[in-house]
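Asks:
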Amino acid sequence: MCAEPGPVIEESDVLVVGLRTPAVVRELVARCREDQVIVDLVRLPDRERLRGQYRGICW
438 MCAEPGPVIE
448 ESDVLVVGLR
458 TPAVVRELVA
468 RCREDQVIVD
478 LVRLPDRERL
488 RGQYRGICW
């Protein structure tokens with residue numbers, strides 16, 4: 438577990454997102470890479486701005 442999402446986003450190949458806070462969304466938009474897979478469990482806003490390979494689940 439990390440206190441800040443930025444380092445986790447930068448070091449990961451797959452991101453499983455379970456929080457929808459403004460800080461998490463802001464970091465994802467700013468730091469995601471095109472080669473990352475994003476598994477969204479919370480229906481993120483602004484998902485069209487995410488550069489990764491987006492997969493929405495649970496809705």
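Numbers 438 to 496, taken from our numbering, label the letters of the sequence shown in order. All C-beta atoms in this analysis are idealised placements derived from N, C-alpha and C, irrespective of residue type, glycine included. Predicted, not measured: the structure shown is a model, and the values here were computed from it.
Considering only their Cβ atoms, is the gap separating V479 from Q490 smaller than 8 Å?
Replies: Not closer than 8 Å, so no.
Asks: Kindly indicate the opening and closing residues of the beta strand (DSSP E) around I446.
Replies: No beta strand (DSSP E) contains I446, which is instead part of the alpha helix (DSSP H) from P442 to E448.
Asks: Could you tell me if P442 is buried or exposed, where buried requires 16 or more neighbouring beta carbons within 10 angstroms of its beta carbon?
Replies: So P442 counts as buried.
Asks: In terms of residue numbering, what span does the alpha helix (DSSP H) encompassing R463 cover?
Replies: Start and end: P459 to R468.
Asks: By how many angstroms is the C-alpha of P482 removed from the C-alpha of P459?
Replies: Whole-angstrom Cα-Cα distance: 9 Å.
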